[in-house]
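Undergrad:
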Amino acid sequence: MKKRFFIMLFLCMMVPCIPINAGTGTKYDKEYTIEKGNMRFEGSILDKKKSYKIVTENKKIVSATKSSENVIIKGKKKGSTYVTVYVKRQGKYKKYNTIKVTVKNKIPMKRQYKYVICNENGDEYVSLVKYKCDNSKVNIPEFIDGKVVKKIEKNCFRILDEKTKVNQYITSVNIGNGVEIIGESAFGKLYRLKKVTLPNRLKDMEGSAFIEDSNLEKVNNIDSIYNLGYIPEYTFWGCSRLSQSIIIPSYVKKIKYGAFCGSGISNLEIEEGVEQIGETAFAQMKLSVVVLPKSIKEIGSGAFAGNPISTVVIKSKDIKYDKNTFRSNKIALPDIYEVWKLSTD
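In structure tokens:
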């Protein structure tokens, strides 16, 4: 009996000080629900100077890994489990927080969105008011409750208060082809957003739709915006990692102010047919060459300011501009011109 007691005592002493199973009735600090295959970022809790450990109760349900600044939780299988973060203080690991994570194969639309049913000439449609889910990959459906999702309201996805962490985990958005209207700043300040796929038949888009999405790298089906005949103001303002080549087609008549300001675009082509370029439309970018077609009638103040532009070709002799159009570049606008190049020798 004494020998058995000694063995049990020895085994107990071998149990690590960090629990590996939170168990039923575990107290937790936060609770999230995500779909299988989606990720949740427990944002900005890690200090590079400190050491952390992450303990996952059930690794078949979720995986939890540490990046430079976040704990990244990914749903693997339907179920609920706990993820606990420990921080090393004075040589010992102490609990920082415990997160309850529930993974579902599919989250009902009423759990994902606040929306209203609208009526237009007898036809009912869905207008999305607010996204309220924890998914990192957003797929806006074409239909909800058998009604087409036609409109995304102002600030529907935008991060308005960084302290609340709402919508700070979105990395991709796929907008269903039923959507025709995108409201002002609908996807603004989603600073983890990397990829957007636009619908096929946009009829209206208000300004600042993707303003300050600083990690946005790819916009699929951007022609959907061009088909409006104009590019709204501040559409991609501050999208500093958006570096894809841009070709503005002939049927876009007006590029409104600040449309691409502060983006990472270095290759730009403006086709014959475009007539107006608004103030700061292409300011603070990475353009080195600008060719403006004969159809251009007006360029707003600061339209190309703050670029490393060394070559400008302007084919129109009848154009309105001011002295600030190309300010803070390697080149300045002369009074009379057709083609000029600044020597960098």
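The numbering of the sequence shown is this note's numbering, which starts it at 454 and goes up by one.
The beta-carbon is built from N, C-alpha and C at its ideal position, and this holds for glycine as well.
Given the structure is predicted, the values throughout are model-derived calculations rather than measurements.
#1: Please report the residue range of the beta strand (DSSP E) in which Asp576 lies.
#2: Could you tell me which uninterrupted alpha helix (DSSP H) segments, each at least 4 residues in length, are contained entirely in the segment 655-728, listed from first to last along the chain?
#3: Can you give me the C-alpha to C-alpha distance between Lys656 and Leu745, rounded to a whole angstrom?
#4: From Ser769 to Glu488, what distance separates their C-alpha atoms?
#5: Bridge partners for Met492 per DSSP, in chain order?
#6: Taking all protein chains shown into account, decide if Cys571 is buried (16 or more other Cβ within 10 angstroms of its Cβ) or exposed.
#7: Does DSSP put Arg611 in a helix, in a strand, or in coil?
#8: Suppose the cutoff is 8 Å on Cβ atoms and the five residues either side in sequence are ignored; what does the same chain contact list for Ser589 look like?
#9: Consult DSSP for Thr778 and reduce its assignment to one of helix, strand or coil.
#10: Span of the beta strand (DSSP E) holding Lys553?
#11: How do the segment 594-613 and the segment 625-634 stand: do at least 3 beta-carbon pairs fall below 8 Å, yes or no?
#12: Less than 7 Å between the beta carbons of Val536 and Tyr549, yes or no?
#13: Report the option in Tyr568, Tyr710 and Asn720 whose CA atom is closest to the CA atom of Ile593.
#14: Return helix, strand or coil for Lys604, following the three-state DSSP convention.
#15: State whether the segment 507-514 contacts the segment 541-548, with contact taken as three or more CB pairs (one from each stretch) at a distance under 8 Å.
#16: Report the CB separation of Lys483 from Ile552 in whole angstroms; it is logged as a contact under 8 Å.
#17: How big is the Cα-Cα spacing for Glu665 and Ala734?
#18: Hey, how far is the Cα of Tyr704 from the Cα of Val743?
#19: Distance, Cα to Cα, Phe596 vs Val582?
#20: When you compare each of Gly575, Val540 and Gly682 to Gly726 by their alpha carbons, which one comes out closest?
#21: CA-CA distance, Ser748 and Val556?
#22: Relative to the C-alpha of Leu669, which candidate in Arg542, Phe757, Pro652 and Phe689 has its C-alpha closest?
#23: Mapping the DSSP letters down to three states, classify Arg542 as helix, strand or coil.
#24: If you count every other CB in all the chains shown that lies within 10 Å of the CB of Thr509, and 16 or more means buried, which is it?
#25: State the DSSP-derived secondary structure class of Lys563, mapped to helix, strand or coil.
TA: Quick look at the numbers:
#1: Asp576 to Tyr584
#2: 676-679
#3: Near 27 Å, if we compare the C-alpha coordinates of Leu745 and Lys656.
#4: 54 Å
#5: Lys527
#6: exposed
#7: coil
#8: Ile487, Asn491, Met492, Arg493, Phe494, Tyr622, Ile623, Thr624, Ser625 and Arg645
#9: coil
#10: Lys545 to Lys557
#11: yes
#12: Result no, Cβ atoms of Val536 and Tyr549 do not sit closer than 7 Å.
#13: Tyr568
#14: strand
#15: no
#16: Contact flag correct, Cβ pair sits at about 5 Å.
#17: Distance between the alpha carbons of Glu665 and Ala734 is about 15 Å.
#18: 19 Å
#19: 15 Å
#20: Gly682
#21: Rounded to the nearest angstrom, the two C-alpha atoms are 55 Å apart.
#22: Phe689
#23: strand
#24: buried
#25: Under the three-state reduction of DSSP, Lys563 is assigned to helix.
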